[in-house]
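Each protein sequence line maps, in turn, to chains H and Y. For the record, in the first sequence the residue sitting at position 17 is 84 according to the working numbering, with numbers rising by one throughout. For the record, in the second sequence the residue sitting at position 109 is 180 according to the working numbering, with numbers rising by one throughout. Ideal placement from N, C-alpha and C gives every residue a C-beta, glycine not left out.
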Amino acid sequence: MLVFLTFTSEDEKRKFERLFDKYQRLLMHKAYGILGDYALAEDAVSEAYIRIYKNLQKIEDIDSPRTVSFVVTIVKNTALTILEKRKKYVLPPDDLEDVNDGADIEGMVLSGVITEEMLKLVDELKEDLRAPFLLKYAHDLSHKQIAALLQISENNVTVRIHRAKNKLAQLFREAGYING
Amino acid sequence: MVNRADERFYKELAEAYAKRSGENLLNELAELKRENIQLRSPGLDRKIKNKVIGYRFFNYSKIALPLVASFLIAVLIYANFKETVPQSSSESMFIPTTPMIAVNPNKKSGFSSNTEQLRDTLENKIELISASLPTGYSVSGVDYDHGAAIMEIENEQNNRIILVTELYHEYVKEGFSALTVNDTTAYILVKNDYCLLKYAKDDMLYTLSGLYEYGDLIEIIENI
């Protein structure tokens, strides 16, 4: 498969090769978990690898938790897109009506501590909100890059990130981390 | 307005989350390996390959196809030029080769006789090549032009290969790498987006071009 890809260097080629060998099994597992169909999972993984290939420069250390989080985020989203196309899953509309900039969490920032409980609240975000949130804040992708990676509009990226932040603020408030 | 403190917090939160979920995923991967759960099939490789081909074709066809087309045109012009050059001067320019086509005295015109017999020879060759293609390859089109037979060959992955078959003539080897196939030297040129392979056998010259994988080209000539 690798002979079909263009790489700028041997290092880059080896990097993709290792990435493919190391994670293909996990990615199939994740995609199959979402789609419940072997052939569709293969479609999702193959599409995810193309997207990873296009963003290879974003990956520094193949073995790092950050990298596996990145590739799994991509494959999950690809699988969800396939699911959406099969009308089993409906992504929220692109409108900006419910975007609210009022989520002020500065109080938490001052505490300076990220706890395991806080991370569990991130787990509560739906994948379609969590993916753009993580790609922006954990993987430093621009809205334009996220849009290309998730194959949604930049406007939708902005909406989803706002929604993710609002939802997090709500969850943090309910958990008593912030007042009001 | 963007609250910088909030943005910093979200970044720290997201990075911590990515790290933790990544660690969990790595554990999950180790578990999958331990249990030897196989979720890979030949189909996955094929699908990835097809998607890559589609992606690369979309991105590089604008460059590669004109190059291949230019090459084929150059081959055809050269073949045409060779036919029109008088024999005496051609002998001084090219390595002499054993004539492939015997002149049939019963024919009215030597030129048309030669052309027809060349066509017959090429048709026979194409038939033989078609019959000896490796498993998974098939001929999707054949055309005859200016003393050359141009075959379009496809494999199961829809990789397209163009094979030009013509009477042997001296050809440029500069920039090509030599390799031995069936005890005969072939010459290959591999670029990022296409490969060319030239192979001479039994007074015929075979020129193969493909957009992606030179392995396909070698596999075909091994059977010629």
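query                                                                                                                                                                                          : result
Can you tell me whether Leu-276 of chain Y is helix, strand or coil according to DSSP?                                                                                                         : strand
Let me make sure I understand the geometry here. Which of Y:Ile-295, Y:Ser-203, Y:Ala-89 and Y:Glu-78 has the alpha-carbon closest to that of Glu-183 of chain H?                              : Y:Ala-89
Where does Leu-199 of chain Y land, buried or exposed, given buried means 16+ other C-beta within 10 angstroms?                                                                                : exposed
Mind listing which residues of the stretch 215-233 of chain Y have their C-beta closer than 8 Å to chain H's C-betas, in chain order?                                                          : none
According to a CB-to-CB cut-off of less than 7 Å, which residues of the stretch 209-235 of chain H neighbour chain Y?                                                                          : Lys-232
Hey, quick one: how far does the alpha helix (DSSP H) through Tyr-285 of chain Y stretch, first residue to last?                                                                               : 285-293
What does a CB cutoff of less than 8 Å around Ala-219 of chain Y pick up in its chain, not counting 5 residues either side in sequence?                                                        : Val-146, Leu-147, Ala-150, Leu-193, Val-235, Thr-236 and Glu-237
Answer yes if the stretch 138-150 of chain H comes into contact with the stretch 111-118 of chain H, meaning at least three C-beta pairs across the two stretches below 8 Å, and no otherwise. : yes
Cutting at 6 Å between CB atoms, please list the residues of its own chain near Leu-196 of chain H, excluding the five before and the five after it.                                           : Arg-227, Arg-230 and Ala-231
Under a three-way DSSP split, which group does Leu-260 of chain Y fall into?                                                                                                                   : strand
Quick one: is Ile-181 of chain H near chain Y, going by C-beta distance under 9 Å?                                                                                                             : yes
Nearest chain Y C-beta to Thr-134 of chain H closer than 9 Å, yes or no?                                                                                                                       : yes
Under 9 Å, Cβ to Cβ, is there at least one residue of chain H near Ser-92 of chain Y?                                                                                                          : yes
What are the residues in the stretch 189-204 of chain H lying within 7 Å of chain Y by C-beta distance?                                                                                        : Val-189, Phe-200, Leu-201 and Tyr-204
Take the Cβ of Thr-145 of chain H as the centre, count every other Cβ of all protein chains shown within 10 Å, and call the residue buried at 16 or more, exposed below.                       : buried
Applying a beta-carbon distance threshold of less than 7 Å, which residues of chain Y neighbour Val-139 of chain H?                                                                            : Leu-96
Run through DSSP, which three-state label would Ser-209 of chain Y get?                                                                                                                        : strand
Quick one: residues in its chain with C-beta nearer than 8 Å to the C-beta of Lys-82 of chain H, no 5 flanking neighbours on either side, listed in chain order?                               : Leu-123, Ile-126 and Ile-129
Mind pulling the chain H residues with CB within less than 8 Å of Glu-99 of chain Y?                                                                                                           : Leu-93 and His-96
Would you call the stretch 276-292 of chain Y and the stretch 202-210 of chain Y in contact, with 3 or more CB pairs under 8 Å?                                                                : yes
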